[in-house]
Amino acid sequence: AQAPASPARPATSHDAMRAQLDQDIAALLTAADLPSPLLDACRYVMTASGKRVRPLMVFSTFASIDSSAHAEQDPAESRYDMARRAALAVELLHTYSLVHDDLPCMDDDALRRGQPTCHIVFDEATALLAGDVLQTLAFEALHAELPTFRPSDALIASRLSAVFAPRARRMVSGQMLDLNAEASSSIVQSELEAIHRDKTGALIEAAILMGGICAGASDAQQAALIEAAKAIGLAFQVQDDILDVTMSTDDLGKPAGSDEKLDKSTYVKLMGVETATEYAESLFATGRAAASTISKDSDAAQPLVTLIDWLWARKK
Ligand code: GRG
Numbered sequence: 010a011q012a013p014a015s016p017a018r019p020a021t022s023h024d025a026m027r028a029q030l031d032q033d034i035a036a037l038l039t040a041a042d043l044p045s046p047l048l049d050a051c052r053y054v055m056t057a058s059g060k061r062v063r064p065l066m067v068f069s070t071f072a073s074i075d076s077s078a079h080a081e082q083d084p085a086e087s088r089y090d091m092a093r094r095a096a097l098a099v100e101l102l103h104t105y106s107l108v109h110d111d112l113p114c115m116d117d118d119a120l121r122r123g124q125p126t127c128h129i130v131f132d133e134a135t136a137l138l139a140g141d142v143l144q145t146l147a148f149e150a151l152h153a154e155l156p157t158f159r160p161s162d163a164l165i166a167s168r169l170s171a172v173f174a175p176r177a178r179r180m181v182s183g184q185m186l187d188l189n190a191e192a193s194s195s196i197v198q199s200e201l202e203a204i205h206r207d208k209t210g211a212l213i214e215a216a217i218l219m220g221g222i223c224a225g226a227s228d229a230q231q232a233a234l235i236e237a238a239k240a241i242g243l244a245f246q247v248q249d250d251i252l253d254v255t256m257s258t259d260d261l262g263k264p265a266g267s268d269e270k271l272d273k274s275t276y277v278k279l280m281g282v283e284t285a286t287e288y289a290e291s292l293f294a295t296g297r298a299a300a301s302t303i304s305k306d307s308d309a310a311q312p313l314v315t316l317i318d319w320l321w322a323r324k325k
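Take a look at the structure:
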């Protein structure tokens with residue numbers, strides 16, 4: 010498969026980042042040459058109205074680190090191309106997890122992002138395969154042959170894989186822990202957090218770290234990014250639990266509280282909406298503070314800080 014086309018100037022607004030991603034998704038899926046109806050199923054789920062949170066994390070982190078120090082060995086457009094691949098990879102993997110999570114053997118959901126789920130529009134076998142191939146494409150996106158693939162890209166691609174693969178695996182482990190927890194009668198906060206560190210947090214960590222790696226983050230910057238990512242990953246999940254009980258059908262594309270199954274543990278059930286909201290706010294503040302330290306010049310980290318503020322303000 011070939012994607013993305015190059016060269017391009019780094020997107021700066023969230024809309025431009027999303028447009029870049031959409032273009033790269035379209036190119037990757039076209040080049041993948043999938044048989045019918047697999048291609049239609051992949052296009053259906055990849056073009057649904059997701060927020061693209063994880064790709065925005067890749068691009069915003071990339072934009073928050075000054076990569077000019079590497080200009081000699083790695084031209085800026087080459088580093089941005091790698092960020093585009095990383096953005097593609099995280100969204101492909103995220104979408105695969107949603108397609109599989111919606112299957113009858115998992116959550117058995119009929120609606121996702123306000124649209125009928127993949128197995129409802131197509132069938133279960135096609136949805137299973139769509140998830141499978143999106144997962145494969147996520148890894149392919151990091152290494153695919155490109156017109157601009159340079160020797161230095163191969164090194165960054167393998168560093169990205171080393172960050173991405175274990176976190177993709179942790180996401181699946183987190184899902185298993187979550188299913189196990191549904192079967193157990195009670196759960197405490199530390200157990201719930203352990204589940205979400207893997208299930209939701211690992212991919213968010215991958216997105217932020219990969220954005221940093223593409224920009225040539227130093228060890229100290231990577232450590233700050235991991236700290237920020239851990240807090241934001243958990244904050245995002247706590248907030249998701251809150252929004253699930255507070256938002257209306259129109260906002261979420263499903264009835265409020267529809268994910269609140271009797272056997273499902275959430276932060277809202279554990280601590281109530283008010284305390285969960287305070288907890289999410291403090292986690293976002295921790296993430297914001299850690300993100301602010303990635304550059305001596307506090308303005309430089311602005312893209313990532315702006316994204317964190319946007320996430321905290323989100324209503325769906
Ligand atoms: C491997 C089957 C399998 C699952 C992995 C991530 C996951 C576990 C399942 C997805 C279901 C879920 C609700 C996970 C919690 C993480 C979360 C908040 C997902 C929704 O992400 P958003 O809000 O979704 O970024 P959009 O639709 O905007 O992309």
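UniProt numbering runs 9 ahead of the 1-based position in the sequence shown. The C-beta atom is built at its ideal place from N, Cα and C for all residues, glycine as well. None of these values were measured; they are calculated from a predicted model.
Flag this pair as yes or no: are the beta carbons of residue i and residue j separated by less than 8 Å?
| i | j | result |
| --- | --- | --- |
| Arg-88 | Ala-224 | yes |
| residue 7 | Val-142 | With the chain covering 10 to 325 only, the question about residue 7 has no answer from this structure. |
| Ala-190 | Ser-274 | yes |
| Ile-34 | Met-91 | no |
| Thr-126 | Ala-134 | no |
| Leu-252 | Ala-150 | no |
| Ala-203 | Leu-188 | no |
| Thr-295 | Ala-215 | no |
| Ser-73 | Gln-311 | yes |
| Ala-285 | Val-277 | yes |
| Met-115 | Phe-68 | no |
| residue 326 | Gln-198 | As displayed, the chain neither begins before 10 nor continues past 325, which places residue 326 out of reach and without an answer. |
| Ala-322 | Ala-237 | no |
Relative to the C-alpha of residue i, which candidate in the options has its C-alpha closest?
| i | options | result |
| --- | --- | --- |
| Leu-138 | Ile-74, Trp-319, Tyr-105 | Tyr-105 |
| Met-219 | Lys-273, Thr-255, Val-99 | Val-99 |
| Met-180 | Lys-273, Lys-208, Met-280 | Lys-208 |
| Lys-324 | Thr-135, Lys-60, Gly-281 | Lys-60 |
| Leu-201 | Gly-183, Ala-216, Glu-214 | Gly-183 |
| Val-172 | Ile-235, Thr-145, Ala-322 | Ile-235 |
| Asp-132 | Asp-111, Phe-148, Gln-144 | Asp-111 |
| Ser-170 | Gln-32, Ser-193, Leu-212 | Leu-212 |
| Asp-250 | Lys-305, Gly-281, Ala-163 | Gly-281 |
| Met-55 | Pro-175, Arg-121, Ala-226 | Arg-121 |
Under 7 Å from any heavy atom of the ligand GRG, does the C-beta of residue i make it?
| i | result |
| --- | --- |
| Asp-249 | yes |
| Met-115 | yes |
| residue 3 | For the chain, the structure presents residues 10 to 325; residue 3 sits outside this window and is missing. |
| Met-180 | yes |
| His-128 | no |
| Gln-184 | yes |
| Gln-124 | no |
| Gly-59 | yes |
| Ser-199 | no |
| His-103 | yes |
| Phe-245 | yes |
| Val-277 | no |
| His-109 | yes |
| Lys-273 | no |
| Ser-69 | no |
| residue 340 | Lying before the first or after the last residue shown, residue 340 is absent from the chain, which here runs from 10 to 325. |
| Lys-324 | no |
| Thr-209 | yes |
| Ser-194 | no |
| Val-54 | no |
| Val-62 | yes |
| Ser-304 | no |
| Ser-22 | no |
| Ser-106 | yes |
Could you round the C-beta distance between residue i and residue j to whole angstroms and report it? I think they count as a contact, below 8 Å.
| i | j | result |
| --- | --- | --- |
| Arg-63 | His-103 | 6 Å |
| Ile-217 | Met-66 | 5 Å |
| Phe-245 | Leu-316 | At roughly 11 Å, the Cβ-Cβ gap does not stay under 8 Å, so Phe-245 and Leu-316 are not in contact. |
| Val-247 | Leu-292 | 7 Å |
| Leu-146 | Leu-101 | 5 Å |
| Ile-303 | Gln-230 | 5 Å |
| Leu-243 | Arg-206 | 7 Å |
If you measure from the beta carbon of residue i to each beta carbon in chain B, is any gap under 8 Å?
| i | result |
| --- | --- |
| Ala-233 | Protein chains in the displayed structure number just one, and chain B is not present. |
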